[in-house]
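Taking the numbering used here as reference, the numbering of the sequence shown is continuous, increasing by one, and the terminal residue is 255.
Even glycine gets a Cβ: it sits at the ideal position worked out from N, Cα and C.
The structure displayed is predicted, hence computed values, not measured ones.
Report on one structure; see the data block that follows.
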Amino acid sequence: MDTKDPKEFVQVVERVAPTFGGIHLEDIRIPDCFYIETELIRKLHKPVMHNDQHGTATVVLAALMSAVRQMGIPDCRRLAVAQIGLGAAGFGIGKLLMDYGLRVVGVDPNEQSRAWFAASGGTTATLEEALAHADVVIAATGVPGLITGKMIRKGQTILALTNPVPEIYPEEALEAGAVFACDGKLINNALAYPGLFKAALEMNAEQISSPMKIAAAQAISELADKEELVPSMFHPDLHRNIVAAVKHSTSGSPH
């Protein structure tokens with residue numbers, strides 16, 4: 001689409017939407033991605049999902065579910081989470097984790113990003129404050145090497161999602177005392193969105209809600225082998241299980 005105007009983008013998608021069952025958005029800059037998705041959900045009454053936010057968030061939640069299961073923690077909602085970076089992916093992750101019931105502290109140098117996150121129910125802190133108190137650290141900053149081994153506390157779970165070079169390499173985080181660590185090559189939104197969209201289309205859902213994403217995360221986590229946080233993208237039951245789980249979830253909650 002030859003435009004950088006978010007209003008024009010919405011208008012074009014609105015015109016072609018009758019020929020599509022749903023709209024999958026990808027690689028749209030912040031803050032335009034929020035406006036575009038919100039407007040399309042309001043106007044189209046069919047599944048619309050910005051994958052950088054919600055697909056990624058679903059897989060991150062699945063990884064957390066797996067991590068706490070392997071650590072013997074009954075419920076990951078007891079954990080304190082630091083979301084480092086509140087761009088599209090980071091904001092989406094923080095929002096879904098809060099919808100699931102976790103306490104999330106957001107970190108971002110951009111004042112507007114912090115304000116959006118606070119308005120969505122999160123709290124904000126400095127990088128040092130967040131790292132000092134978090135059980136789980138999720139980084140989606142686009143800044144390679146932002147986190148050093150000295151900043152890691154023993155027993156933390158570290159998800160450093162920036163590609164191709166993460167905020168901290170998993171090996172370095174584990175060496176510094178992290179109990180689990182992985183990077184963006186493993187936490188891939190392609191694990192989530194095919195099943196989410198297929199379920200939404202089969203349900204004739206008007207939107208992809210937080211309960212649907214949480215159900216998908218649970219299905220993904222349940223397929224992870226011992227000592228894995230998420231299954232392979234090529235797991236033969238992956239998308240089938242997501243569809244089944246999502247179709248049994250409650251739909252229609254606020255996005």
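Counting C-beta pairs with one atom in each stretch, the segment 58-68 and the segment 183-203 have three or more that are closer than 8 Å, which means they touch.
In the three-state DSSP reduction, Val136 falls in the strand class (E or B). Contact between Ile93 and Ala140 holds: CB atoms are separated by about 7 Å, below the 8 Å threshold. Counting only residues of its own chain and dropping the five nearest sequence neighbours on each side, Ile36 has a CB closer than 7 Å to the CB of Pro6, Phe9, Val10, Leu25, Ile28. About 7 Å separates the beta carbons of Tyr100 and Arg77, which is inside the 8 Å limit, making them a contact pair. Burial of His239 is indicated by the presence of at least 16 other C-beta atoms within 10 angstroms of its C-beta. DSSP, read as helix, strand or coil, puts Gly55 in helix.
Take Leu201, set aside five residues on each side of it, and the residues of its chain with a beta-carbon closer than 8 Å to its own are Gly21, Gly22, Pro47, in chain order. Short of 6 Å from the beta carbon of Leu127, and not among the five residues preceding or following it, lie these beta carbons of its own chain, in chain order: Val107.
The beta carbon of His133 lies closer than 7 Å to those of Ala80 in the same chain, with the five residues before and after it left out. Distance between Gly85 and Val137, taken at the CA atoms: about 11 Å.
In the three-state reduction of the DSSP assignment, Phe234 falls in the coil class, being assigned neither a helical nor a strand state. In the DSSP annotation of this structure, Met1 is not part of any alpha helix (DSSP H), being labelled neither H nor E. Scanning Glu227, Asn188, Gly55 for the CA closest to the CA of Phe234 turns up Asn188. When the five nearest sequence neighbours on each side are left out, the beta carbons in the same chain lying within less than 7 Å of the beta carbon of Val13 are those of Ile23, Leu40, in order along the chain. Between Thr157 and Phe180, the C-beta gap is smaller than 9 Å, which places the two residues in contact. Contact between the segment 170-180 and the segment 140-156 is present, with at least three C-beta pairs closer than 8 Å.
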